[in-house]
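Per my numbering, the sequence shown starts with residue 5, numbered consecutively. Cβ coordinates follow ideal geometry from the N, Cα and C atoms, glycine included. Comments concern the structure below.
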Amino acid sequence: MPKRKVKVDGEEFEVELEKEDGVWNVTVQGKQFQIEIEGGGAAEQGAKKRKRGGRGKKSGTISSTIPGKIVSIAISEGQQVSEGDVVMILEAMKMQNEIHAPLSGMVAAVNCKPGDSVEANSPLVVITPEEDKTD
């Protein structure tokens, strides 16, 4: 695996990275993680951001892709959210990660609270998609 140096909160780490079938295998200080970036990386996302097309429906369930700790939650049950809204902050490997709404709709369930430790693939929030408003 190729090695890279990354700096988090002023501390430098040597990280091994390998991308396989759209999933990044990351090794940090002997611990292995798998990270899946929905919609591609930041650069890819910027290029694809507003493309429209029939690619199927997005899931309204937001799950943690990595283990971490919930730092804050910006939404509550019954609240309307728009695609891309920040719904919570998840801290993992000393980095705070914004978790965004994958679609617009109503928050049906919030399955965690600030301070909770969550495992990978834990369902954190469920959003009921808003109805298509086509005439």
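Check	Outcome
Proximal residues to glutamate 40 (C-beta, below 7 Å), its chain only, five neighbours per side dropped	Gly26, Val27, Thr69
Contact check, alanine 96 vs isoleucine 66, beta carbons under 9 Å	no
Where methionine 97 sits in the DSSP three-state scheme	coil
Chain D within 9 Å of glutamine 83, Cβ atoms only	Among the protein chains of the structure shown there is no chain D, as only one such chain exists.
Distance between arginine 8 and isoleucine 93 (C-alpha atoms, nearest Å)	25 Å
Beta-carbon gap between lysine 62 and leucine 107 smaller than 9 Å	yes
At least 3 beta-carbon pairs within less than 8 Å: the region 110-117 vs the region 77-91	yes
Valine 75 classed as buried or exposed, judged by whether at least 16 other C-beta atoms fall within 10 angstroms	exposed
Between the CA atoms of proline 133 and valine 30 - distance to the nearest angstrom	33 Å
Alpha-carbon spacing of glutamine 33 relative to valine 91, whole angstroms	30 Å
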